[in-house]
Each structure stands twice: as structure tokens, then as C-alpha cells.
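Novice:
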DNA sequence: GTGGTCTAGACCACA
DNA sequence: GTGGTCTAGACCACT
């Protein structure tokens with residue numbers, strides 16, 4: 123209940139910054155995996171409705187962040203790099219505190235439990251199939267990672283996890299809510315990425331229970347399970363953060 | 123769970139559009155009342171960190187939307203106009219459907235119940251005083267409006283109501299969550315404004331109960347009351363919309 | 123047939139300059155006589171659709187040119203002064219050459235003979251009455267000036283002469299043409315005013331002949347007489363200019 | 123001979139309006155042809171002694187009138203569009219009546235016959251060469267248009283015709299007169315443009331006769347031929363207008 | 001190198 | 001002291 127500043131300064135956003143954000147969002151959501159090649163400069167310019175110059179500026183930023191590698195000539199292009207924890211995130215360390223973590227998970231709790239409750243009411247059978255497939259792949263990745271630990275697998279699991287949660291949100295069929303879930307997960311990515319190094323043992327525990335509740339149309343239960351899942355993740359991360 | 127567009131076109135946002143948004147947000151939140159004068163062009167430019175030219179472009183838009191009137195000379199300035207329901211929103215009628223309303227209220231339900239739950243845990247006594255004051259003023263406005271109905275009073279109530287809900291959200295002390303509540307209330311403003319003409323009889327019913335729960339630190343109850351309140355408003359608006 | 127500059131620089135005209143021009147035009151056309159008071163500042167502002175400030179700026183210019191005198195307080199106002207030939211036109215002497223005179227009279231010849239030809243075809247009887255009255259007053263002024271020479275009378279004759287010529291042009295009922303006659307007479311005023319000191323003996327010679335031709339509907343003759351009149355005036359002025 | 127309003131309201135003219143007028147004048151006089159590129163924004167600002175911003179405002183108006191098209195990037199710029207008779211002049215149809223046409227041609231008759239008379243006396247041999255060249259090109263265009271009718275050619279002829287008439291006026295070496303000829307032709311352009319679609323058969327008939335008279339120094343004859351030419355054009359347009 | 005936009009500052013007309 | 005307009009220069013995105 124602040125008294126009255128009333129108006130916040132506005133900040134102009136340059137086109138290439140928007141492109142950086144969009145590409146980062148896409149990478150964060152695991153739409154491209156380490157080693158994948160992004161569409162060509164020309165295609166990106168076309169898709170994003172900007173000029174090639176602008177794409178290049180944006181790519182340069184992501185290259186400086188060690189998220190892409192740029193090779194020229196035949197067979198060149200933009201290649202997705204694995205998140206490298208040794209680079210100090212190029213510039214400013216995200217520097218997450220426990221307080222930030224709490225705020226982010228508070229928000230997740232609010233919007234994701236809400237979303238999953240609606241999802242239970244509005245999901246289609248196609249949604250359920252897609253989500254089940256995702257879960258299956260996540261199990262595979264976990265099993266593989268146990269046999270042969272590797273950051274690439276951890277990374278892949280994170281991407282799948284992200285897609286699972288977003289998929290659940292999409293079942294709510296509410297554009298506003300979906301956008302908010304995307305936003306909070308995007309905001310969480312940076313902080314979590316800087317802490318997350320191993321596959322948390324309980325990472326996939328409650329996913330299938332949640333999906334079952336959604337399948338059964340039991341919103342209350344889905345919501346409660348989601349709350350438990352989020353809380354568990356929160357505690358895990360918080361303890362890692364405290365010890366890092 | 124759409125398969126693959128992966129990347130959305132980006133859209134450059136001009137500085138004056140951002141200023142329009144910021145001013146609209148401020149007006150929507152009732153930070154200025156009809157008849158009030160906004161800060162002068164020069165002050166706005168200063169506050170918003172843009173040039174006067176940019177402020178002017180933005181003000182021109184709001185003037186075209188009949189939300190501000192512009193007068194010059196000593197004593198002139200930008201004056202806030204009362205929302206005029208007879209202008210067909212200047213250009214495109216907001217054209218809200220029941221479906222849109224449902225989505226918006228779904229979202230309110232999710233974020234505002236979540237926010238009030240946290241608020242119950244984190245509110246300070248100052249917060250409680252402020253909120254109680256707001257409630258007092260809302261009661262006055264309602265009483266006055268019953269004696270002497272007037273659109274100005276309806277409008278004033280809406281502004282106070284908005285401040286009450288935002289105030290509750292701010293008690294959560296979670297910037298992300300506050301931002302989301304602001305966003306959803308902003309999104310709701312246009313649609314609701316186009317339907318809302320009278321003071322709904324139940325407008326203030328649950329507010330004091332919610333505040334009491336927040337004061338008592340009973341998050342569960344606060345959340346439930348808020349859900350009831352939002353649902354009630356939703357039903358009222360939906361019936362008005364259906365009959366309009 | 124200059125080859126190609128194609129575009130001329132534009133020049134912004136300040137509001138008070140426009141007011142100066144308008145007032146000058148009005149004074150030049152003899153709509154106010156020396157000693158007359160102009161409408162009050164407030165009235166002028168109203169008539170001219172500008173603010174009082176702007177009127178004041180304009181009046182200040184005319185005062186500096188010794189065309190108006192400004193007195194304040196009760197009974198004050200803007201008083202028209204007689205053209206004072208001893209002031210060197212305040213700033214830059216108009217500095218007319220024979221060449222300029224020729225160009226101006228070339229133009230008068232063209233537009234005024236054309237205008238009078240149309241006038242002969244389109245004049246009404248009211249027009250004729252008005253013009254005859256003007257001629258009568260001009261004769262009176264000439265007679266009076268012969269008995270008792272005075273600059274005031276010369277000035278009055280000039281104003282009447284101007285109104286006679288403009289009146290003829292207005293009979294053409296062609297707004298474009300009338301505007302052009304006004305423009306050329308306005309342009310001529312400054313140069314002529316700086317040379318003209320006495321009543322030329324032949325000043326009124328052909329006026330009644332021209333009016334008679336217009337009355338008779340004889341455009342050809344009216345035009346020829348006008349040409350003769352203009353030529354005569356031209357020669358008189360040119361000789362004065364050569365000897366000054 | 124109106125009795126007394128005496129003073130007309132003044133109207134502030136914004137710099138960008140002046141630029142619009144100047145550009146319109148230039149386009150009307152055919153100094154740029156459809157498809158031509160205007161000087162760049164920066165050059166125009168330089169030539170017209172205004173800022174780029176002001177040029178832009180003006181260009182925006184002409185773009186809205188479908189007289190220019192704006193493209194950006196290297197090779198972009200302001201391109202002159204062909205007058206599109208299908209756009210209803212974007213906003214207000216010029217809506218010319220026979221009465222307006224008469225007034226305009228009355229004026230043409232007056233000023234252009236006067237101008238050509240002086241031209242016969244003052245033309246140089248260079249003037250004659252230039253005018254003869256123009257006539258030659260006009261003949262070519264007419265011949266080509268007979269073989270292969272096209273609006274582009276009609277438009278080109280109009281531009282050449284305009285330059286011929288202005289060229290004649292310039293021979294008078296009288297700046298005032300030239301300005302008036304330009305003004306009346308400018309005023310005529312809009313009305314005529316909205317009627318003129320074909321090459322009038324008699325479009326070029328008297329041009330060479332007029333030029334011959336000017337070459338011979340026979341002002342009387344040149345003037346008479348010009349009168350005949352203007353009258354003929356007037357009748358042609360009036361009949362088209364009556365039948366449209 | 002084009003147009004598109006914003007900025008900072010000035011001057012003006014207005015009340 | 002308000003809004004209205006223009007200016008000069010900068011930076012950007014586009015092609």
C-alpha cells in the first residue's frame with residue numbers, strides 16, 4: 123500500500139532485445155536441445171518479423187552468454203550449447219537469494235495449482251496422451267541418468283519437465299493463465315538453472331499422480347498434489363542454495 | 123500442447139505506446155479521479171523518463187479515447203474525464219463475451235485467492251489500518267450512493283475497490299504476485315467498465331470478512347472468502363452481460 | 123524557365139505577424155482614417171481569433187512604425203496616425219526602384235483591366251450606386267484639397283481611390299480575381315505611399331469615364347480606359363520617383 | 123462593396139502545412155513524375171529550411187492523399203504516385219461546379235493573356251529555345267498517346283503543358299505576375315485533375331501559334347491566341363464536367 | 001544510406 | 001506556467 127508514486131518510468135525495448143528474449147524463452151523451454159541448430163538467420167528474421175541485422179545482434183548477445191555458438195560458411199549456423207555452469211553467466215551472476223526463491227515458488231504455487239485445477243476440468247483426451255508421453259520420456263531420461271550421469275541428461279530432463287508443466291497449464295484453456303505460468307517458469311529458470319546440477323531424486327515423483335488426478339477430473343486432488351510437488355522442489359532447491 | 127511454432131514474431135513497442143499503457147494503468151487503478159488534473163506534460167516527461175514529445179503522443183491517444191481532456195494556458199493541463207459509456211469506446215468496442223469474462227475471473231480466482239492467503243501471513247498492522255480506512259470510505263460511498271445515485275460515486279467506488287484488492291495483494295510482499303494481480307485487474311478493467319453501470323448490491327459484502335480473516339492470520343479462510351467474493355462478482359457481471 | 127531548383131524554402135509566419143499584416147491591410151485600404159480608434163484589444167482578439175497577447179505584439183509593431191498610437195487607461199485605445207513621411211518608415215526604407223514600379227503596374231494593368239471588363243458584365247445597380255457615391259466623395263475631397271491643401275486630405279483621397287478600385291473589382295463577382303486585385307494594391311501601397319505626397323492632378327480624371335463604361339456594360343471600353351488610367355498614374359509616379 | 127467587417131480572422135499556418143503546400147505545388151507543376159523519387163528526407167529538410175520532423179509530418183499528409191509512397195531502407199524514399207482517380211481524393215471530393223470552373227478560367231484569361239503580352243516583349247532567345255523544346259516533347263507525347271493511349275502519357279502531357287504555360291509567364295520577367303500565374307494554375311490543378319482523363323484533341327493546337335507570336339514580339343496577337351486557347355480549354359472541361 | 005523514432009531544448013500562443 | 005510546435009541531433013531498424 124505504497125502511498126503515491128503513481129507512475130513508473132517506462133523503458134524502451136530495442137527490437138534485438140525482444141529477439142534475445144524470445145530466443146532465450148525458446149531455449150529455456152527446451153524447444154531446442156544442446157547441439158541442435160537453430161533456423162538460419164534468414165528464417166529467423168522471417169519468423170520473428172525483423173531484419174537479419176536485428177537477428178544478428180540478438181544472436182551476438184546469446185553467443186556472448188555462451189548459449190549459442192556461431193559458425194560461418196557452408197554447414198555453419200547457430201548451434202545450441204549446453205548450459206555451462208563454469209561461465210559465470212557471462213556478466214552478472216544471477217545472485218539468487220532464499221528470499222527470491224521463496225517469492226518465485228509462492229507464485230508457482232498460486233498459479234500452477236490454480237491452473238491444474240482448471241486443467242482437471244477442461245483437459246481433452248489428446249492432452250492426456252501428450253502428457254503421458256512426456257512422462258514416459260522423463261522416466262527414460264531418469265533411468266538413463268542413473269546408469270550414466272551426464273549434464274546433458276539433466277538438462278534434457280529439465281526441458282521435459284518444463285514442457286510437462288506448461289502442457290498441464292495449457293489444458294486450462296485460459297490464455298491469460300497459460301501466459302502467467304509461462305512467465306513464472308521463465309522467471310524461475312535463471313535462478314534455478316544456476317543451482318540445479320543434479321537430478322533431484324524426487325524430481326518425477328508426483329508427476330504421474332498429478333496426471334492421474336487430472337485424468338480423473340479431480341481438480342482438488344490435482345491441486346493438492348501439485349502444491350506438494352512444488353513445495354518439495356522448493357525445499358530441495360533451498361537446501362542446495364543454502365549449501366552452495 | 124501445440125507441437126512446433128516455437129518462436130513468436132516480436133513486436134517493437136514504441137515509447138509512446140508504453141506511456142499510453144502506463145497512463146492507462148494508472149487511470150484504471152483509480153489513481154486519478156474524473157476531474158483531477160494529471161501532472162503537467164513536463165512533469166510527466168520527467169517521471170516517465172521520456173521526452174515531452176513522447177508524452178504528447180501518448181496523451182493524444184488518451185484524448186482520442188475520451189479519457190483525458192486537454193486544455194492549455196495557465197490553469198490548463200490534462201484533465202481526467204469520467205468514463206463515458208455513450209462513446210463506443212472511440213473505436214473498437216471492447217466486445218467482451220461471456221467466455222472472456224470467465225477466463226478473466228478464472229485468473230482472478232487463482233491469483234487473488236493465492237495472494238490473500240499469503241497476505242494473511244505477512245500483513246503488517248499498518249497494512250491493516252490502511253485497508254480498514256479504505257473499507258470505511260467504501261462504506262461511505264455506498265451509503266451516499268444509496269441516498270443520491272450518481273455515476274461519479276459508482277466510479278469512485280470502483281477505484282476504491284480496486285485499491286482495496288491491490289492493497290491486499292501488496293500485503294503478500296511478493297513483487298511477482300503483486301504484478302500479476304495488477305495485470306489481471308488491469309485486463310479486467312476494460313471489459314468490466316463497459317458493463318458496470320450501477321453499484322452491485324453485493325459489492326462490499328465480503329470485503330470486511332476478508333479483511334477480518336487477514337487480520338486474524340487465517341489464510342485458508344481469507345482465501346475461501348475471496349473466492350466466494352470473486353465468484354459472486356463474476357455471476358453478477360455475467361448476468362448483466364447476458365442481458366445487455 | 124529556370125532549370126530546376128524545384129522547391130523553395132518555406133517560412134513560418136508567427137501569429138502576431140499575421141495580425142500585423144491584417145491590420146496593415148485594413149489601414150492601407152482606408153478602412154480606418156487618421157484619428158479613428160481601432161476596436162479594443164479584446165475586440166480585436168475576438169475578431170482575429172487570437173489572444174490579447176498576440177494583438178498587443180502586433181500593435182506594438184504598428185506603433186513602432188508610427189501608424190498607431192497607443193494610449194492607456196479610460197478613453198485610451200489604439201488611434202490611427204496619419205502616414206508620416208518624415209519618419210523613415212521606422213526601419214528599412216521601402217527603397218522602390220523604377221523597375222519595381224514597372225512590375226507592379228504591369229500587374230495592375232493585367233488584373234485591373236481584366237477585372238473591370240468582367241465588372242462591366244456583372245455589376246448590379248447597387249454596385250453602381252455605391253461606386254457613384256464614392257466618386258462623389260472623391261470629387262469633394264479634391265475640391266477641398268485645392269482650396270486648402272493638407273496631407274490628411276491626400277490620405278483620405280487615397281483611401282477612397284483604393285475603395286473605388288476594389289469596388290470595381292468586386293463587381294466581377296470572382297473571388298480569386300478580387301483577391302488578386304487586393305493583393306496587388308496592397309503590394310503597391312508601400313512603394314506608392316513613400317512617393318506620393320500631393321494629389322496628382324489627373325488622379326480622378328478617368329474614374330467617371332470608367333464607371334460610365336461599366337454602367338453601360340461596355341467591358342472593352344472600360345478596360346481600355348482603365349489601362350489608360352493606370353498608365354497615367356504609372357507615368358506620374360515614375361517621374362516623381364526619378365526626381366526624388 | 124460590403125460595408126464593414128473590415129478584419130478577417132487570421133489563421134496560424136504550421137510549418138508542415140507550408141511544406142505540404144510547397145510539395146503539392148511542385149508535384150502539381152509536374153516537376154516530378156510518377157515513379158520519380160523525391161529528394162531524401164534529409165535533403166528536403168535542408169532545401170526547405172525545416173527540420174526532418176517537419177518534412178515527415180508533411181510527407182505523411184501526402185502519403186495519406188495517395189500522392190506519395192514511402193519506402194525505407196537503402197533504395198527507399200518517397201516515390202511519386204500517379205494520380206489515382208479511383209481514390210475519392212482520399213477525403214473530401216474536390217466537388218467542382220461549373221461556376222468554380224468559370225471563375226478559375228476568368229482568372230486564367232486575365233493573368234495569362236496579360237503575361238503572354240509582356241512575354242512577347244521581354245522573352246530572350248534562350249526562352250524561345252526552351253519553349254520550343256517543350257512544344258516538341260508535347261507533340262511527341264501526343265503522337266505516342268494516339269498510338270498507345272495511357273494515363274501516364276496524359277499525365278505527362280499535363281505536366282509539360284503546365285511547364286509551357288509557366289515558361290511563357292516567366293518570360294514576362296515580372297515576379298508578381300509569375301507568382302499569380304503559378305497560383306491560378308495551382309488552384310486549377312485540383313479541379314481539372316478530377317475531370318481530366320483523356321488528352322483533349324485540341325490540347326496542343328494553339329501552343330505553337332502562341333509561341334510564334336511571342337517569337338515575333340507580337341503581344342497583341344499572342345494575347346488573343348492565348349485567350350482563344352484558354353476559352354477552348356474552358357469549353358472542353360465544362361462540357362466534360364456537365365456530362366460527368 | 002534510407003526512413004522511423006526519441007530526445008533535449010527552445011520559442012510561441014494561450015489564459 | 002500551461003500546452004503546441006519546431007529544431008537539431010542522435011540512434012535504430014530496414015534493405
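Protein chains in written order, with this note's numbering: chain A, 123 to 366; chain B, 123 to 366; chain C, 123 to 366; chain D, 123 to 366. Just so you know, even glycine gets a beta-carbon here, dropped at the ideal spot from N, CA and C. Keep in mind the model is a prediction, meaning the values are calculated, not measured.
Name the chain B residues that come within less than 7 Å of residue 158 of chain A, Cβ to Cβ?
Specialist: Under the 7 Å cutoff, chain B gives no residues; its nearest Cβ is about 11 Å from residue 158 of chain A.
Novice: Determine the extent of the alpha helix (DSSP H) in which residue 295 of chain C is found, giving its start and end residues.
Specialist: Segment: none, residue 295 of chain C is in no alpha helix (DSSP H) and carries neither H nor E.
Novice: Establish whether the CB of residue 343 of chain C and some CB of chain D are separated by less than 8 Å.
Specialist: No, its Cβ sits nowhere closer than 8 Å to a Cβ of chain D.
Novice: Buried or exposed, going by whether 16 or more other CB atoms sit within 10 Å of the CB of residue 283 of chain D?
Specialist: Buried: at least 16 other Cβ atoms inside 10 Å.
Novice: Using a Cβ-Cβ distance under 8 Å, would residue 169 of chain A count as near chain B?
Specialist: Judged by the 8 Å Cβ criterion, residue 169 of chain A is in contact with chain B.
Novice: Could you check what DSSP says for residue 330 of chain C in three-state terms: helix, strand or coil?
Specialist: In this structure, residue 330 of chain C counts as helix in the three-state DSSP scheme.
Novice: Check residue 341 of chain D in the structure and name its three-state DSSP category.
Specialist: Three-state result, residue 341 of chain D: helix.
Novice: According to DSSP, what are the bridge partners of residue 191 of chain B?
Specialist: DSSP output for residue 191 of chain B lists B/201 as bridge partner(s).
Novice: Determine, for residue 350 of chain D, whether the minimum Cβ-Cβ distance to residues of chain C falls below 8 Å.
Specialist: Chain C contact via Cβ: absent.
Novice: Tell me which residues of the region 300 to 313 of chain C have at least one Cβ-Cβ distance to chain D shorter than 9 Å, keeping chain order.
Specialist: Residues passing the 9 Å Cβ filter: 302, 305, 306, 309.
Novice: Output, in chain order, the set of chain A residues within a Cβ distance shorter than 9 Å of residue 236 of chain B.
Specialist: The contacting residues are 228, 229, 231, 232, 233, 235, 236.
Novice: Beta-carbon within less than 6 Å of residue 286 of chain D's beta-carbon, same chain only, minus the 5 sequence neighbours each way: which residues are those?
Specialist: Around residue 286 of chain D: 256.
Novice: So which residues of chain C does residue 135 of chain D contact, with C-beta pairs closer than 7 Å?
Specialist: Going along chain C in sequence order, the residues near residue 135 of chain D (Cβ under 7 Å) are 135.
Novice: So if DSSP puts residue 159 of chain D in a beta bridge, which residue, or which two residues, is it bridged to?
Specialist: BP columns for residue 159 of chain D point to D/201.
Novice: Between residue 367 of chain D and residue 141 of chain C, how many whole angstroms is the CB-CB distance? I'm expecting something under 8 Å.
Specialist: For chain D, the structure presents residues 123 to 366; residue 367 of chain D sits outside this window and is missing.
Novice: Which residue or residues does DSSP assign as beta-bridge partners of residue 352 of chain D?
Specialist: DSSP lists no partner for residue 352 of chain D.
Novice: Any residues in the region 266 to 285 of chain B with a beta carbon nearer than 7 Å to a beta carbon of chain A? Which ones, in chain order?
Specialist: Within the region 266 to 285 of chain B, no residue qualifies.
Novice: Under the assumption that residue 242 of chain D contacts residue 291 of chain D (Cβ atoms under 8 Å), give the Cβ distance between them as a whole number of angstroms.
Specialist: That pair is no contact at about 12 Å.
Novice: Decide if residue 302 of chain A is buried, meaning its Cβ has at least 16 other Cβ atoms within 10 Å, or exposed.
Specialist: Its Cβ being crowded by 16 or more others within 10 Å, residue 302 of chain A is buried.
Novice: Residue 371 of chain A versus chain B: which residues are under 9 Å apart at the beta carbon?
Specialist: Nothing about residue 371 of chain A can be read from this structure; chain A reaches only from 123 to 366.
Novice: Taking any Cβ of chain C, which residues in the region 169 to 201 of chain D have a Cβ under 7 Å from it, in chain order?
Specialist: Cβ contacts with chain C: 169, 170, 171, 172.
Novice: Would you say residue 153 of chain C lies against chain D (beta-carbon separation less than 8 Å)?
Specialist: Chain D contact via Cβ: present.
Novice: Against residue 150 of chain C, what residues of chain D qualify as contacts under a CB-to-CB distance less than 9 Å, listed in chain order?
Specialist: In chain order: nothing, as chain D lies at least about 12 Å away.
Novice: So, for residue 356 of chain C: in the same chain, excluding its five sequence neighbours on each side, which residues have a beta-carbon less than 6 Å away from its beta-carbon?
Specialist: For residue 356 of chain C, where only same-chain residues beyond five positions count, the Cβ hits under 6 Å are 227.
Novice: Using the Cβ count rule (16 or more neighbours within 10 Å means buried), how would you classify residue 269 of chain D?
Specialist: It counts as exposed.
Novice: Candidates C/352, C/191, C/345: which alpha carbon is nearest residue 335 of chain C's?
Specialist: Closest by alpha carbon: C/345.
Novice: Can you tell me the Cα-Cα spacing of residue 149 of chain C and residue 310 of chain C, whole angstroms?
Specialist: Rounded to the nearest angstrom, the two C-alpha atoms are 14 Å apart.
Novice: Name the residue from D/306, D/197, D/265, D/221 whose alpha carbon lies nearest to the alpha carbon of residue 151 of chain D.
Specialist: For residue 151 of chain D, the nearest C-alpha among the options comes from D/306.
Novice: Which residues does DSSP list as the beta-bridge partners of residue 135 of chain D?
Specialist: The partner list for residue 135 of chain D (beta bridge, DSSP) reads C/135.
Novice: At which residues does the alpha helix (DSSP H) containing residue 185 of chain B begin and terminate?
Specialist: Segment 174 to 186, the alpha helix (DSSP H) holding residue 185 of chain B.
Novice: Classify residue 267 of chain A: buried if its beta carbon has 16 or more other beta carbons within 10 angstroms, exposed otherwise.
Specialist: Buried, by the Cβ-count rule.
Novice: Answer yes or no: does any C-beta atom of chain A fall closer than 8 Å to that of residue 297 of chain B?
Specialist: Chain A contact via Cβ: present.
Novice: Look at the Cβ atom of residue 294 of chain D, then the Cβ atom of residue 244 of chain D, and state whether they are nearer than 8 Å.
Specialist: Yes.
Novice: According to DSSP, is residue 130 of chain A part of a helix, a strand, or is it coil?
Specialist: Residue state, collapsed to three classes: coil.
Novice: Which chain A residues are close to residue 141 of chain B, counting only those with a beta carbon under 9 Å from its beta carbon?
Specialist: Ordered by position in chain A, the residues that pass the 9 Å Cβ test against residue 141 of chain B are 132.
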